[in-house]
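Position one of the sequence shown corresponds to residue 2 (this note's numbering), numbered consecutively onward.
Even for Gly, the Cβ is constructed at its ideal location relative to N, Cα and C.
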Amino acid sequence: ANVPFYVIDRVPYTPDVIPTNVRGITSGIGSAMGFINPMDIERILGGFSGKVGNVVGVNNGGSYYMRSLPSKSKKPPTEAQLRQRLKFSLVLAFLRPIRTLISVGYQSFKKKGGAFGAATGYLLENAITGVYPALSIDYTKVKVSRGSFLGVANPELVTTAGTSEIEFNWSNNALADTINGTDMATLLVYSDVLDEYIMLAGAAPRSAETFSLTIPPRLLGQEVYCWMSFVRADGKQASDSRYMEKVPVI
Numbered sequence: 002a003n004v005p006f007y008v009i010d011r012v013p014y015t016p017d018v019i020p021t022n023v024r025g026i027t028s029g030i031g032s033a034m035g036f037i038n039p040m041d042i043e044r045i046l047g048g049f050s051g052k053v054g055n056v057v058g059v060n061n062g063g064s065y066y067m068r069s070l071p072s073k074s075k076k077p078p079t080e081a082q083l084r085q086r087l088k089f090s091l092v093l094a095f096l097r098p099i100r101t102l103i104s105v106g107y108q109s110f111k112k113k114g115g116a117f118g119a120a121t122g123y124l125l126e127n128a129i130t131g132v133y134p135a136l137s138i139d140y141t142k143v144k145v146s147r148g149s150f151l152g153v154a155n156p157e158l159v160t161t162a163g164t165s166e167i168e169f170n171w172s173n174n175a176l177a178d179t180i181n182g183t184d185m186a187t188l189l190v191y192s193d194v195l196d197e198y199i200m201l202a203g204a205a206p207r208s209a210e211t212f213s214l215t216i217p218p219r220l221l222g223q224e225v226y227c228w229m230s231f232v233r234a235d236g237k238q239a240s241d242s243r244y245m246e247k248v249p250v251i
C-alpha cells in the first residue's frame, strides 16, 4: 500500500524516517540521519542544477545546460520588478517542496518548457492575489495538476471529531466500457500556518469513490487546504486537479 509523503520545514520525509527533532518533536520514529535531502535527489537523478561560481545549471524541458550569471545592474529595481520578484518567490516557495507531484501532474507540458515551469507560470498568472507589497497565494486558484485526462467528479470532504482523518469522497465517472475505474487518486493536503504538506499518490482507484487520509497529530486544530486529481494507472496521463475546500483537522 502507498504511504503519504510529508514535507516538514521544506524537507521531504517518508513516515518511517521522520526525525525526532523536527519542530521540537520529542517522540517519533527514525532519526535526523534518515531524512531525504532534496539535493541528494537531484544528484541521483543526474544533471547539474544550481549555481556554482560564476555559472548556473538550468534544466529546461528535461535538458540540462550551463550559462554564465548575468552581470548585476547598478540601477535600483523598479516597483514592477520588485512586484514580479515577490510573486516568483511566493510561487517557488510553494511549489518546490511538491516538485515530484508537479512532474506527474504537469507531465503534458514537459515538451513545452518543462512541467515545473508550466506550473510556475500558471500560478503566477492565476493564483496571486493582493496589492504589492501585500501579495499572497490564493490557494483556491492553485492547480497542482493540469491535463485533459478524465477529472474528479463531485468531490467532497468529511471530517469527524476524534479521528484525525480527512475523508475524500468522489463519484466514479468512468464509462462502463473503459478502464478509467482503475485510475488512481492523488491527494494533497497543505497547512499554510505550519507550511507542511501531506502528499499521497495512488491513494485509491476511481472506482473506490472514497479514501480516508490519516493526518499527523501535530496538525490537530489546524485548518488545511485540500486538492485531488487522478492519474492513469500506468502514470502516463493526469487530470486537472480540483481544489476541494479548507477544513479543520479535528
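What do you get for residue i, buried or exposed, if any count of 16 or more other CB atoms within 10 angstroms of its CB means buried?
| i | result |
| --- | --- |
| residue 155 | exposed |
| residue 180 | exposed |
| residue 187 | buried |
| residue 121 | buried |
| residue 197 | buried |
| residue 5 | buried |
| residue 96 | buried |
| residue 176 | exposed |
Tell me the residue span of the alpha helix (DSSP H) that contains residue i.
| i | result |
| --- | --- |
| residue 207 | Run containing residue 207: none; DSSP gives neither H nor E here. |
| residue 86 | 80-96 |
Which of helix, strand or coil does DSSP assign to residue i?
| i | result |
| --- | --- |
| residue 13 | strand |
| residue 125 | helix |
| residue 156 | strand |
| residue 191 | strand |
| residue 68 | strand |
| residue 201 | strand |
| residue 131 | strand |
| residue 165 | coil |
| residue 179 | coil |
| residue 213 | strand |
| residue 74 | coil |
| residue 149 | strand |
| residue 114 | coil |
| residue 237 | coil |
Between residue i and residue j, how many whole angstroms is the CB-CB distance? I'm expecting something under 8 angstroms.
| i | j | result |
| --- | --- | --- |
| residue 200 | residue 231 | Not really, about 15 angstroms apart at Cβ, beyond 8 angstroms. |
| residue 223 | residue 194 | 6 angstroms |
| residue 241 | residue 109 | Their Cβ separation, rounded to whole angstroms, is 11 angstroms, which puts residue 241 and residue 109 out of contact at 8 angstroms. |
| residue 119 | residue 104 | Contact flag wrong, Cβ pair sits at about 11 angstroms. |
Tell me which residue opens and which closes the beta strand (DSSP E) that residue i is part of.
| i | result |
| --- | --- |
| residue 136 | 135-138 |
| residue 104 | Premise fails: residue 104 lies in the alpha helix (DSSP H), 100-106, not in any beta strand (DSSP E). |
| residue 247 | 243-249 |
| residue 230 | 224-232 |
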